[in-house]
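As given, the protein sequences belong to chains P and H, one line each in that order. Numbers in our numbering are just positions in the first sequence, counted from 1, shifted up by 2. Numbers in our numbering are just positions in the second sequence, counted from 1, shifted up by 89. We put the beta carbon where it would ideally sit given N, CA and C, even for glycine. Right, one structure below, let's go through it.
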Amino acid sequence: MGSGKNPKPNNGEREEFLHPLCADDKLQTLTLTGDGENNFNGQVSTSDSYSHYRSAMTTLSSSSSTEQPLFPPPSVVSDPLLFPPQSPSLDSPSYADVMFHPFPETNGNGEISGDDAISSPISQSSSSDFLRISVSDPLKEFEPSNSIVPGGNTYVSYLITTSTNVADYEGSDFSVRRRFKDVVTLSDRLSEGYRGFFIPPRPDKSLVESQVMQKQEFVEQRRVELEKYLKRLARHPTIRKSDELRVFLTVKGRMPLPTSIDVASRMLDGAVRLPKQLLGESSCVIEPQDVVHSAKGGRDMLRFFKEFKQSVVNDWGNARPSVEEEDKEFLEKKLRLKDHEQHLTNASQQAESFVKAQQEMGEIMGELGLAFIKLTKFETEQTTSNTQKVRAADMKNVATAAVKTSRLYRELNAHNMKHFDSLHEHMGMMLAVHNAFADRSSALLTVQTLISELSALHSRADKLETSSSKIFGGDKSRVRKLEDLKDAIRVTEDAKSCATKEYERIKENNRTEIQRLDEERKADFVNMLKGFVKNQVAYSEKIGIEWTKVAEETSRYAREST
Amino acid sequence: MINTESGSGPLVQSPRSPSSQSQYIAVSVLDPAKMGNGVQAYISYKVITRTNFPEYDGPEKIVIRRYSDFVWLRDRLFEKYKGVFIPPVPEKSTVEKFRFSAEFIEMRRKALDVFVNRVASHQELQHSEDLRIFLTVDEQTMERARSQETGIFKKKPADLMQIFKDVQSKVSDVVLGKEKPVEESSPEYEKLKNYVFQLEDHLAEAQKHAYRLVKRHRELGQSLSDFGKAVKLLGECEGNALGKAFSELGAKSEILSVHLQKEAQNLLMNFEEPLKDYVRSVQSIKATIAERANAFRQHCELAEAIKFKEIDMNKLRLTRSDKLYDAEHEYEELKAEGAEAWRRFEKIVKLMNEEIVRFQEQKTVDLGVAFHEFALGQAQLANSIASAWRSLLPKLEACSS
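Printed below as a string of structure tokens:
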């Protein structure tokens with residue numbers, strides 16, 4: 003007996019996932035309705051065993067007229083988890099109502115931006131503006147190669163649809179085509195422009211060959227990830243107002259953001275410049291306008307080496323650096339966040355295991371139910387005595403309850419996966435936190451380097467002054483050198499003050515972001531817990547009702563001895 | 090009349106026996122104890138019999154038995170009472186390391202108790218000498234009796250199935266010079282055979298799923314426990330109302346984990362085991378069917394032999410041979426054997442018909458009990474889960490205010 007299962011969803015997916023029943027020839031005798039079901043991505047689930055399952059339910063429910071199929075009808079509502087109003091036969095206690103409410107729960111703030119089937123329940127800023135983004139319609143496109151080698155390569159582009167009432171956008175609906183490379187560019191530009199902020203991390207590049215890249219599964223996975231990423235960006239109070247995001251979302255045709263130069267080219271440029279710098283032919287001071295960027299991403303190899311040397315001095319030198327991380331509150335928070343990250347990761351993993359275990363429970367219930375359905379049919383067909391009829395009826399009751407329980411577990415798990423998404427999301431944000439803290443360290447290193455530079459320059463200048471004062475009348479070349487040094491000192495002073503400003507700016511960003519993330523996380527987790535617990539209550543009650551029914555129906559067999 | 094399957098066998102009466110009111114027999118299998126060391130180690134059970142059957146001296150008897158003694162009893166009954174569905178004994182354990190696990194021993198003890206009581210409550214079997222020996226003799230005598238069971242008497246159901254298959258094979262046809270199979274062809278028999286074989290398949294599948302259900306309960310329990318621990322740690326990190334909520338969630342998870350493990354155990358004992366027992370019973374029926382086919386084949390073979398003998402005899406009569414006397418003698422002998430074989434076969438058929446009716450009734454009850462326990466357990470589990478989670482809601486409401 004083979005099992006007709008859909009591929010397992012990964013962490014982020016919301017596909018209609020594994021259903022409990024296996025396709026089996028023996029089920030041919032049950033009436034097949036054969037209609038597929040739309041999942042919320044507009045794809046039709048084509049599994050045969052799913053329709054067997056539906057027809058199994060139809061067969062079972064035909065006898066009890068009050069039952070109403072709890073499957074949502076394929077409707078315009080894209081999310082199958084938004085149920086129609088509860089069926090009349092189930093008058094369960096109040097909490098059962100909760101599971102019919104769509105997510106996310108509104109916190110009395112009206113609109114929730116990024117409202118979509120995928121988003122986890124989120125708290126919102128008090129503004130009522132929205133920025134809704136969706137990613138769809140992946141298309142294969144061809145890019146002719148612009149190198150000497152003939153031929154080109156294919157890539158996938160996605161349709162990004164935005165609808166918004168944010169003033170800066172100058173319009174309310176936009177739709178552009180972007181490819182993954184563009185997303186990488188957006189992410190890099192944001193990292194540069196918003197140092198110190200907790201910028202949501204972008205989806206990973208994949209080190210797979212181009213054949214895999216074009217497989218439907220991979221493309222779909224990437225589409226989901228991209229949508230999530232853009233929604234997260236839209237949720238960040240500062241980033242959502244950024245030019246970079248706006249341009250990405252609205253400008254048709256080629257994306258106007260400057261692309262990141264690949265590492266090799268940068269290295270090459272830097273390597274070319276370095277000898278000139280060392281020989282004094284090219285400027286070897288760190289320019290003020292450069293200090294707002296990290297040394298690593300730039301082309302100034304000399305600066306890179308200077309800062310590297312400084313970091314070594316910091317770590318191994320005897321003297322403490324002149325400026326260092328003093329903010330105790332920050333250091334405390336940093337440690338706390340590290341701790342937090344560890345526990346968050348652990349909880350996230352355990353939550354996934356739990357969901358999986360519950361899923362498997364639901365599946366086996368379904369299989370058990372199916373087996374008893376088959377037995378029921380068998381006994382009914384082969385009946386030679388009254389007692390077999392009775393037994394068949396008993397089996398049918400058990401089978402019905404088992405199949406219903408199986409479906410309830412499935413639904414519950416779909417909800418649970420959504421809830422626990424908050425855990426996974428916040429775990430993912432830890433990377434953004436690390437990056438923001440790295441920005442801070444990097445900026446501090448720049449300041450420290452500049453201070454060392456300055457002191458080195460000053461001591462050279464002093465040496466030159468004392469030595470030239472010994473020669474009467476001065477030395478023309480030495481005077482010129484002193485002039486150059488004084489220039490360098492001036493530029494470096496400017497650079498240092500810029501760098502210090504930048505460092506302070508980043509520190510402030512860190513501080514506000516820590517606070518923001520804390521609040522956001524708390525709100526998300528409260529929602530998560532509420533949703534999870536309410537759902538568990540509602541579904542457990544329903545499952546309890548089913549089995550209580552069967553227990554009553556079989557109460558005549560209750561042992562007298564107990 | 091429901092035969093309960095608890096350790097203390099209650100009053101059991103054979104409904105068809107006229108003087109049933111005064112006769113009773115009840116057996117308990119208790120107190121498993123590990124005996125011996127190393128490879129030779131085994132489990133012994135205390136078997137307590139309470140009866141007023143005349144063939145037993147005394148109202149109560151206590152003996153010590155081991156698993157192979159029960160198997161011996163089953164084999165002897167199978168040999169002697171062809172046509173009766175002999176109650177099955179639990180399987181040998183296939184995995185060495187579980188042989189002495191508490192769970193396995195308890196399940197085996199229960200199953201053995203059920204076995205003996207079924208024998209003792211069966212109208213035909215309860216007066217068998219083998220049962221009396223089993224229930225009353227001392228251990229040495231029992232061991233001697235058991236070790237005699239080599240060779241002809243020791244036929245495993247597997248061997249019988251082979252015989253059954255042979256019956257269906259063409260070999261015997263070739264030997265007898267016939268083309269059609271030597272088998273009953275009545276529609277009732279065909280129906281019965283098909284029913285039994287297919288029933289075993291269906292039941293085996295249901296039992297397999299039931300066993301996996303037990304495992305899933307255990308796994309869910311474990312994962313809920315791990316989840317609870319992780320969430321508790323996270324709660325300590327968070328602090329404030331949220332942290333407390335997490336801690337509560339963790340605590341509840343751990344409680345529910347325990348509930349799940351308990352339910353897993355309940356399912357194993359009261360749902361999966363009865364299904365397994367059902368499968369064993371059906372397998373026992375298959376063995377009886379094989380015996381029936383065997384008896385039928387013997388009858389057919391003799392009928393053929395008689396026919397040929399008659400032809401021979403008539404030939405000799407015509408030629409006035411002096412071998413005629415011997416031939417006539419052999420002919421009469423064969424006819425007597427043939428009659429005996431037919432009687433044996435008919436007895437099996439009659440017994441089987443009665444047994445089927447009894448079996449079906451019993452199984453409806455057994456299965457009904459198992460279903461009831463299953464549903465009760467699941468309902469209780471679901472409700473305890475619901476109430477545990479429900480108790481968290483007020484605290485969660487407090488969080489968001």
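Go ahead and label H:R479 buried or exposed: buried means 16 or more other beta carbons lie within 10 angstroms of its beta carbon, across all protein chains shown.
Classification of H:R479: buried, given that the 10 Å Cβ count is 16 or more.
Between the beta-carbon of P:H238 and the beta-carbon of P:P203, is there less than 8 Å?
no
Tell me, please, whether the CB atom of H:K452 is closer than 8 Å to any CB atom in chain P?
yes
Please report the distance separating the alpha-carbon of P:F527 from that of P:S208.
Each residue's CA atom was taken as its position, placing P:F527 and P:S208 some 31 Å apart.
Measure the C-alpha to C-alpha separation of H:K341 and H:Q350 and round it to an integer number of angstroms.
14 Å
Straight-line CA distance for P:N437 to H:F189?
57 Å
Using 8 Å for Cβ pairs, my map puts H:W431 next to H:H461. What's the rounded Cβ distance?
Contact doesn't hold; Cβ gap of about 45 Å is too wide.
For chain P, is any of its Cβ atoms less than 8 Å away from the one on H:Q287?
By this cut-off, H:Q287 is an interface position.
Output needed for H:L331: all residues of its chain with C-beta closer than 7 Å, excluding positions within five of it in sequence on either side, in chain order.
C488
Which residues bound the beta strand (DSSP E) around H:S117?
First-last of the beta strand (DSSP E) with H:S117: I114 to M124.
Among P:R275, P:S244, P:V221 and P:F182, which residue has its Cα nearest to the Cα of P:A261?
In the sequence under discussion, the amino acid at residue 261 of chain P is Thr, which differs from the Ala named in the question. Out of P:R275, P:S244, P:V221 and P:F182, P:F182 has the C-alpha closest to the C-alpha of P:T261.
When the cut-off is 8 Å and only beta carbons count, does P:T382 lie next to chain H?
By this cut-off, P:T382 is not an interface position.
According to the Cβ coordinates, are H:Y113 and H:T140 closer than 8 Å?
yes
On the three-state DSSP scale, how would you describe P:F199?
Here DSSP, grouped into helix, strand and coil, assigns P:F199 to coil.
Under a CB-based cut-off of 8 Å, is P:I366 close to chain H?
yes
Spatial neighbours of H:M196 within its chain, please: CB distance less than 8 Å, with the 5 preceding and 5 following residues excluded, ordered by chain position.
P179, L357, M358 and E362
Please go through the same chain and pick out, in chain order, the residues whose beta-carbon is closer than 7 Å to the beta-carbon of P:M367, but skip the five residues on each side of it.
P22, A404, T407, S408 and Y411
Can you tell me whether H:G457 is helix, strand or coil according to DSSP?
It is helical.
For the beta strand (DSSP E) containing P:F132, name the first residue and the last one.
No beta strand (DSSP E) holds P:F132; DSSP gives it neither H nor E.
Whose C-beta lies closer than 6 Å to the C-beta of P:R558 among residues of the same chain, with five residues either side of it excluded?
none
May I have the straight-line CA-CA distance separating P:T33 from P:T402, to the nearest angstrom?
With a pLDDT of 36 at P:T33, under the threshold of 50, the modelled position of this residue cannot be trusted; read the value that follows with caution. Approximately 16 Å, taken between the alpha carbons.
Which stretch, first to last residue, makes up the alpha helix (DSSP H) that contains P:N512?
K478 to E555
Using a beta-carbon distance below 8 Å, is H:Q354 in contact with chain P?
no
Please say whether P:L433 and P:K498 have beta carbons closer to each other than 8 Å?
Going by C-beta atoms, P:K498 is not nearer than 8 Å to P:L433.
Exposed or buried, which one is P:Y171 when buried takes at least 16 other CB atoms within 10 Å?
buried
So with CB distances below 7 Å, who are the chain P contacts of H:Q449?
Within 7 Å Cβ-Cβ: S387, T389 and Q390.
With DSSP as the reference, label H:G147 as helix, strand or coil.
coil
Taking its Cβ as the centre, do 16 or more other Cβ atoms sit within 10 Å of H:H418, making it buried, or is it exposed?
exposed
Which residue wins for smallest C-alpha separation from P:C500, given the options P:L333, P:V294 and P:D329?
P:C500 has its Cα closest to that of P:V294, out of P:L333, P:V294 and P:D329.
Please report how far the alpha carbon of P:F200 lies from the alpha carbon of P:L251, in whole angstroms.
20 Å
In the structure shown, what three-state DSSP assignment does H:F174 receive?
coil
From what residue to what residue does the beta strand (DSSP E) around P:I162 run?
G154 to T166 is the span of the beta strand (DSSP E), which, as asked, contains P:I162.
Which of the three DSSP states is assigned to P:P95 in this structure?
Because P:P95 carries a pLDDT of 39, less than 50, the predicted location of this residue cannot be relied on, and the following value inherits that uncertainty. In this structure, P:P95 counts as coil in the three-state DSSP scheme.
If the cut is a Cβ gap below 7 Å, which residues of chain P does H:N472 touch?
G546
Can you list, in chain order, the residues of its chain whose CB lies under 8 Å from that of H:L413, leaving out five sequence neighbours each side?
M402, L405 and R406
Specify the secondary structure class of P:V137 as computed by DSSP and reduced to three states.
Under the three-state reduction of DSSP, P:V137 is assigned to strand.
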